[in-house]
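Structure record follows, encoded as structure tokens.
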Amino acid sequence: MKTWMKNAFATASLAVLLTGCSGARSHVIADEARYPISLSDGVRDADGKLLPDERKQVVGSFTHSYKAWGWLWRVFSFTGDHDISEDVNEQVAAAGGDAIVNLSVKSELCLWNMFTLVGLLPDCSNVSVRGHIIKAMPASGAQPGDVEASAPSAALEQAAPPAEALAAN
Amino acid sequence: MKTSKISLLAAALLVAGASACTLKGSIASFPGYEKPVLLGPTDRIGGGKPMMCEKVGEFEEEVEFEVVQYTEDHGYAKYSVTEETSSSPFKLASAARTSTEAKSDVDIRVTDLMPAGYVAFFGTKAKTYVSVEGDTMRVKGIER
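Protein chains in written order, with the numbering used here: chain W, 434 to 602; chain S, 3 to 146.
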């Protein structure tokens with residue numbers, strides 16, 4: 434290793450050591466999710482209109498937790514992108530739901546912070562993802578067991594405007 | 003003597019680190035906000051072909067929780083002070099309302115959702131945060 438590289442590494446290490454910094458970051462993604470995931474109360478029905486509160490029935494809770502690892506404060510993220518799609522698809526399907534609303538993401542430091550005070554060791558943070566799994570109830574007049582009225586895909590085909598028509602607007 | 007000082011320093015650092023680890027977390031959520039803030043490609047119940055949208059702006063906000071510990075020396079006494087600062091739980095929802103002007107045909111599509119945390123100065127400062135970045139998109143063909 435060249436002398437200047439050794440010096441640079443030593444300087445960077447000393448700086449981290451003196452400030453006692455450590456940390457971790459990650460990025461939550463859901464690129465393969467088959468269901469809508471909303472961080473708010475709002476979600477759109479199959480026809481694109483906002484689903485009214487009275488038609489939302491909470492049928493379960495979505496939970497997902499993981500540890501994010503990083504190094505040198507947050508400069509290097511070992512975790513990088515963390516995909517929750519698989520859990521979303523499994524848990525929503527298991528609950529018989531149509532979407533996740535009120536998704537929340539909580540970031541906490543972890544116990545390992547105690548042992549990486551020198552800053553040179555990898556560090557972690559705990560991430561908890563929570564949400565409500567909801568089912569879209571049929572519009573007034575129809576019963577929950579009414580397959581035609583409650584099937585989102587059927588409603589989508591009937592009510593959703595064609596893409597060409599939307600593009601023309 | 004030297005060893006005992008090092009032990010004391012190590013103990014102090016461990017206490018500081020431990021206190022940082024008991025930190026409450028920061029939570030990103032949009033309570034009470036009625037328009038979609040979407041993560042992922044599926045934009046409506048049932049999925050299918052994505053709705054036609056037009057980007058009308060950008061959204062960027064973060065929630066944080068921070069703890070700073072320090073000592074105040076008043077001569078006759080020393081005080082250990084812990085200051086906690088946290089974002090309002092409604093910060094993101096409020097920012098979203100402003101960003102979308104609360105229009106019913108404007109959604110937020112999240113492009114980056116980043117939870118993070120760090121400790122600094124040997125645990126005397128600790129912070130967790132979640133940043134949310136996204137695009138505000140007008141959904142075409144929807145009644146306002």
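For glycine and all other residues, C-beta sits at the position ideal for the given N, C-alpha and C.
- Considered as a whole, the stretch 461-535 of chain W harbours 489-504, 514-516 as its complete beta strand (DSSP E) runs of no fewer than 3 residues, in chain order.
- For T113/S, same chain residues with a beta-carbon under 7 Å away, outside a window of 5 residues either side, are E135, G136, D137 in chain order.
- The C-beta separation of A457/W from S510/W comes to about 7 Å, placing the pair in contact by the 8 Å criterion.
- Assignment of alpha helix (DSSP H) within the stretch 29-113 of chain S, counting only whole runs of 4 or more residues, yields 93-102 in chain order.
- At a cut-off of 8 Å between beta carbons, H460/W contacts chain S.
- Going by beta carbons, A30/S and V65/S fall inside the 8 Å limit.
- A527/W has a beta carbon lying at 8 Å or more from every beta carbon in chain S.
- Taking 9 Å as the Cβ-Cβ cut-off, the stretch 461-479 of chain W approaches chain S at V461, I462, A463, D464, E465, A466, R467, Y468, P469, I470, S471, L472, S473, D474, G475, V476, R477, D478, A479, given in chain order.
- The continuous stretches of beta strand (DSSP E) do not include A572/W, and DSSP gives it neither H nor E.
- Excluding sequence positions up to five before and after I110/S, its CB lies within less than 8 Å of the CB of K37, P38, V39, L40, F61, A98, S101, T102, G136, D137, T138, M139, all in the same chain and listed in chain order.
- Here T130/S is near F67/S, since their CB atoms are less than 8 Å apart.
- With distances taken between CA atoms, Q71/S lies nearest to V121/S out of Y35/S, G34/S, V121/S, I47/S.
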